[in-house]
Amino acid sequence: MNLIYCLCLCLFLSLAGFSQQPVYQNYEVDSAAVPRGGMSYLTTFLQANLRKPIQAESEGIGGRILVKGVVEPDGRITEVALLKSLRPDLDREALRVFQLFSAWQPAKKGAVPVRQAVMVPVMFPTSAPFPYKDGKRIYYFGEDMRATTDPATAKYRQEISLDSLGLPNGDMIVYVQNQNKWTEDNRLPLLREKSTRSGKPTEKIGYRSNDKLWIYNVYELSTDGTLLGVTSYDNGRETGYPSKYHENGLLAEAGRKDDDQTIVTSWYPSGQIRQVRLDEGSYLASESPARVLAYWTAEGKQTVKDGTGTVDYTSNRTSYADSSRKTTYIEHGSYLNGRQHGKWMGRYEDGSYSYEEQYDKGVLQSGRMQKADKAPVVYKVREQQPEFPGGIPGLGSFLSRTLRYPVDAQKKGQEGRVFVSFVVCTDGTLCDYEVIKGISPSIDQEALRVVKAMSGKWKPGALRGEPVRVKYNLPINFALE
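Residues -21 to -1, 1 to 460, numbered by mature numbering (1 follows the signal peptide of the UniProt record, and there is no 0), are exactly what the sequence shown covers, in order.
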């Protein structure tokens, strides 16, 4: 009890020490407080994290808000307040994001870090207004399903219930217009599916089409409703790089398309920029190479510039010695022109896993991995995807020989493509079968039968020379001649 009291007292005295120091203006110090990396990094952070409230967005409102705060000697921001208002909902969002940015280089006076007042403009860009009424965003479409802004000439009206921050909170309803009267044509319920992230329970919310495929944005939320991720879908297919968020609500990683490349930026929970990399080709392809362009430590020191330098990555992983415990995973290596080069080493702090790899300008030359008390594994390919004998041609030949078109489906003229998801296990057998897009019960069952007939024939996938479970999605075509 005395120890707890002493710790609490020390913490109180430490915080009180900061608050009792004078607050200087920028012209009263030898070096002023600045965001690590400069104002451009703070501007990028603000624009990446601001989520314009749906009412303001629907009205197309934008403008500038001025906020202020005090940069403490440890780089945190405190005493955040409003200097110039725009409107209450935008003001609240500006304050929320600004007070989460704690990646400041503190002011110094006489070589000693001191408290300094700062003032920062927060910009909300204007946007095209759209219909939003009674908590519902409204879209209009013509008979050809092209979007239109004229309700009078529209054939279809789609309504999506959204909360104040634009998250779905009700069903998606499609109405059809006949003789100037709107009637309900289709309704997709808002789905809430249990999930996990880093071992913690989460919830995915969004809509599935009549074919049971995810469509539009799907959101991942923590148990307290904090946004953790956003993924865009088009009939079950991801259409953009998923956005990921830290548990404090700040953006952790986001990507933007640039021609046939994706520029991916990540941040620490403090708001400090962490890494910029270039994913070439489709980010969904595991063999798609990534080039690291820049990297910063959590303290703001840039160790990779223009694709060249060294990094130390750390993350929390489940121990291979005890699956009930977490341990720190540490990786160290160098980049040359954005590619891994020279020796790379990784290890779990508890000693249950380690690897050592040698690269030449992004090409793996050799690798050695050891897990827990198992014998070391040597390899020359870091990742290997599962493979059916004969590759894609062999798989196609097997499907042609094995597939039997259901008689009832032929009589009804049913045809199309069935998508079956399954997992290739470490011994080449298959499990966790799921029809993710079907046609009819008989066709779906035939697709499942054929996939199950492949069990045991696959060469399993491997990571660092060790077989691993890999999820696989297979389209099976049913076509009438």
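The C-beta atom is built at its ideal place from N, Cα and C for all residues, glycine as well.
| Asked | Found |
| --- | --- |
| For Leu69, the first and last residue of its enclosing alpha helix (DSSP H) | Pro67 to Phe77 |
| Reduced DSSP secondary structure (H/G/I, E/B, other) of Thr162 | strand |
| Backbone CA spacing between Lys173 and Ser140 [nearest angstrom] | 21 Å |
| Proximity winner among Lys134, Asn157, Lys160 and Ser419, relative to residue 462 (alpha-carbon distances) | Absent from the model: residue 462. The displayed extent of the chain is -21 to 460, so no value can be given. |
| The stretch 345 to 356 / the stretch 386 to 404 touching (three or more Cβ pairs under 8 Å) | no |
| Whole-angstrom distance between Gln363 and Glu460, CA atom to CA atom | 37 Å |
| 6 Å CB neighbourhood of Pro65 in its chain, flanking five on each side removed | Correcting the residue type first, residue 65 is Leu in the shown sequence and not Pro. Gly42 and Ile44, listed in sequence order. |
| Thr23, enclosing beta strand (DSSP E) - first and last residue | No beta strand (DSSP E) contains Thr23, which is instead part of the alpha helix (DSSP H) from Met18 to Asn28. |
| Backbone secondary structure at Asp423 - three-state DSSP | helix |
| Selected residue, minimal CA-CA separation from Trp193, among Asn214, Val209 and Leu207 | Asn214 |
| Helix, strand or coil at Ser261 [DSSP, three-state] | Low local confidence applies: a pLDDT of 49 at Ser261 is under 50, so the model's placement there is unreliable, with the coordinate-based value given in what follows. If DSSP states are grouped into helix, strand and coil, Ser261 belongs with coil. |
| Option nearest Gly435 by Cα separation, candidates Gly16, Asn456 and Thr405 | Thr405 |
| C-beta atoms of Lys340 and Leu315 nearer than 9 Å | yes |
| 9 Å Cβ cutoff, Gly288 in contact with chain B | The structure shown contains no chain B; it is built from a single protein chain. |
| Nearest-angstrom Cα separation, counted from Arg448 out to Tyr327 | 21 Å |
| Beta-carbon spacing of Gly149, Lys115 below 9 Å | yes |
| DSSP three-state assignment for Lys391, whether helix, strand or coil | helix |
| Cβ-based neighbour list, Leu29, same chain, cut-off 8 Å, excluding 5 preceding and 5 following | Glu72, Ala73, Val76, Val101 and Phe103 |
| Outcome for Lys391 when other beta-carbon atoms lying within 10 angstroms are tallied against a minimum of 16 | exposed |
| Where Arg235 sits in the DSSP three-state scheme | strand |
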